[in-house]
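Q: Would you mind keeping the following structure in view while I ask a few things?
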Amino acid sequence: MKTHTVSVPGATLTYDIRDGSSPGGVPLVFVASPMDATGFATLSTYFPDRTIVTYDPRNSGRSVRDDPTSPVTPEQHADDLHAVIGAVGAEAVDVFASSGGAINSLALVARYPDDIRLLVAHEPPAGGVLPDRDAVRAACDDMVATYQSSGQGPATAKFINFVMQRGEISADYLAQPAPDPAAFGLPTEDDGDRTDSMMTNMQGGVAAFTPDVDALRAASTKVFVAVGEESGGPTDGEMAGRAAYAVAAALGTEAVVFPSHHAGFMGGEFGQTGQPAEFAAKLRTVMS
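For any residue, its number in this note's numbering is found by taking its place in the sequence shown, counting from 1, and adding 2.
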């Protein structure tokens, strides 16, 4: 595996290229956000034949920003990913993107429709397509406000509580007592740091994202929207799962059900374990 960097406005991004056993094929890019490249260590082992590209989004892992406290929008992430793909030098790539990375990759296809040949967008948390979008936005705005006033622990506790919710977010969601950060093993004291990559993405509006359906339909990219079988259905599922079904419907397709959950491709990275072997087999089938 070879590691490289590419400079973009306001940041320097680090990306890795691992050559596969079948050279000359279309590279496979793994994308997440705010998770960095280390989260794909397990999944990469199931594609020894493919050239694999992974990268650390700005403000995550080894990538750095001039101002690590400023919001990062999906469009900025899309421009960054466009720069990484350009630096790789391939005419086109295939992409598996999960969570915020799926949001950023959908934005990339809309902005640069020739970059990606095939995209599997796994559980994009696109709150803007949901019927409870106003409540989702209010809950996320509250997380950001908590982050600014009280720091990472209380804000992340609210985030965890939010993503564990099943079904629509009620209009009185914010009336419930705030979760205790200590219950999740999070710090209760504010250390003054405001560089958390998840929260800078939240400030950039990732959870309120609405895909440009017309641009996605017009692009040559073949888009599959994926959802974990454990993430619930289009109405009773977790927010990212519900959003996946809604994005697929907006594109006039059906969501492809993958094994496991939101982190189903992981094999213990960041303490999360899904069903990576089964997940990789499904991914290979979809890409074929």
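The C-beta atom is built at its ideal place from N, Cα and C for all residues, glycine as well.
Bear in mind that the values here come from a model prediction, so they are computed numbers and not experimental data.
When the Cα atoms are used, what is the spatial distance from VAL33 to MET289?
A: If you draw a straight line from the Cα of VAL33 to the Cα of MET289, it is about 15 Å long.
Q: Could you check the C-alpha separation between MET268 and LEU45 for me, to the nearest Å?
A: 7 Å
Q: Among residues of its own chain, excluding the 5 on either side of GLY63, which ones have a beta-carbon nearer than 8 Å to its beta-carbon?
A: THR16, ASP38, ALA39, THR40
Q: Compare the C-alpha of PHE42 against each of ARG168, THR202, ALA99, SER23 and name the closest.
A: Cα-wise, what sits closest to PHE42 is ALA99.
Q: Secondary structure at ILE87, three-state DSSP: helix, strand or coil?
A: helix
Q: Find out if the Cβ-Cβ distance for the pair ALA250, ALA112 is shorter than 8 Å.
A: The Cβ atoms of ALA250 and ALA112 do not sit closer than 8 Å to each other.
Q: Could you tell me if PRO133 is buried or exposed, where buried requires 16 or more neighbouring beta carbons within 10 angstroms of its beta carbon?
A: exposed
Q: Could you check if ARG244 is buried or exposed, using at least 16 other CB atoms within 10 Å of its CB as the buried criterion?
A: buried
Q: Short of 6 Å in beta carbon distance, which residues of its chain neighbour TYR247, apart from the five on each side in sequence? Order them along the chain.
A: PRO236, ALA257
Q: Compute the Euclidean distance between the alpha carbons of PHE211 and VAL74, then round it to the nearest angstrom.
A: 13 Å
Q: May I ask you to report which of helix, strand or coil DSSP gives VAL146?
A: helix
Q: Closest to ILE162 by CA distance: which of SER9, CYS142, ALA147, SER151 is it?
A: CYS142
Q: Put HIS263 into one of helix, strand or coil per three-state DSSP.
A: Three-state result, HIS263: coil.
Q: When we look at the beta-carbon of GLN78 and count the other beta-carbons within 10 Å, is it buried (16 or more) or exposed?
A: buried
Q: Nearest to GLY169 by alpha carbon, out of ALA104, GLY129, ALA279?
A: GLY129
Q: Which term fits MET200, buried or exposed, when burial requires 16 or more other beta carbons within 10 angstroms of its beta carbon?
A: Result: buried.
Q: In angstroms, rounded to a whole number, what distance separates the CA positions of LEU253 and ASP193?
A: 43 Å
Q: Put ILE105 into one of helix, strand or coil per three-state DSSP.
A: helix
Q: What is the DSSP secondary structure of LEU285, counted as helix, strand or coil?
A: helix
Q: Suppose contacts are defined by Cβ-Cβ distances below 8 Å. Is ILE19 in contact with THR53 by that definition?
A: yes
Q: Where do the N-terminal and C-terminal ends of the alpha helix (DSSP H) with ALA246 fall, by residue?
A: 241-252
Q: Assuming GLN262 contacts GLN274 (C-beta within less than 8 Å), just tell me the rounded distance between them.
A: The question names Gln, but residue 262 is Ser in the sequence shown. Their Cβ separation, rounded to whole angstroms, is 10 Å, which puts SER262 and GLN274 out of contact at 8 Å.
Q: Tell me which residues share the same chain as THR255 and place their Cβ nearer than 8 Å to its Cβ, disregarding the 5 neighbours each side in the sequence.
A: Beyond the five residues adjoining it in sequence on each side, THR255 comes within less than 8 Å, by CB distance, of VAL225, PHE226, VAL227 in the same chain, given in chain order.
Q: Suppose only complete runs of 4+ residues qualify. What are the alpha helix (DSSP H) ranges in the region 151-181, listed by chain order?
A: 154-165
Q: So which of THR7, PRO29, PRO70 has the shortest CA-CA distance to GLY206?
A: PRO70
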